[in-house]
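Positions -22 to -1, 1 to 51 (mature numbering (1 follows the signal peptide of the UniProt record, and there is no 0)) are the ones given, in order, by the sequence shown. Backbone N, C-alpha and C define an ideal beta-carbon position, used for all residues, glycine too. Okay, structure first, notes after.
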Amino acid sequence: MFLPQCLQFFCLFLLWLLPALSDFISADCWLSVFELLPPRQLGLGIALISHRFDYYVEEHFKTRRWSLEYVQI
């Protein structure tokens, strides 16, 4: 389940505002934050910040379980 729109923008704002603190935050913490954001914002926003975030986003997509929810045929 994703966060409401206002909290998504707040998370993105913090990620853009505090790139210097990213060295002090472990990869596991970043991956748990990425679970709260929709894939579109991860791929088009977070991955473009730096090579390190690009690597974290790739790891998130590799380890994420994908589901189709309800499929109507």
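Exercise for review: Name the residue from 30, 42, 35 whose alpha carbon lies nearest to the alpha carbon of residue 2.
Suggested key: On the sequence shown, residue 2 is found 24 positions in, with the first residue counted as 1. Ranking 30, 42, 35 by Cα distance to residue 2 puts 30 first.
Exercise for review: For my contact list, residue -11 and residue 23 are in at a C-beta cut-off of 8 angstroms; report their separation, rounded to the angstrom.
Suggested key: Locating residue -11 in the sequence shown gives position 12, counting from the first residue. Locating residue 23 in the sequence shown gives position 45, counting from the first residue. Rounded, the Cβ-Cβ distance is 6 angstroms, consistent with contact.
**Study point:** Simplified DSSP state of residue 2, which is helix, strand or coil
**Key:** As a first step, residue 2 must be located in the sequence shown, where it is residue number 24. Coil, per DSSP.
Point to revise | Under the three-state DSSP convention, the category residue 37 falls into | key: Here residue 37 corresponds to residue number 59 of the sequence shown, with the count starting at 1. Note: residue 37 maps to helix in three-state DSSP.
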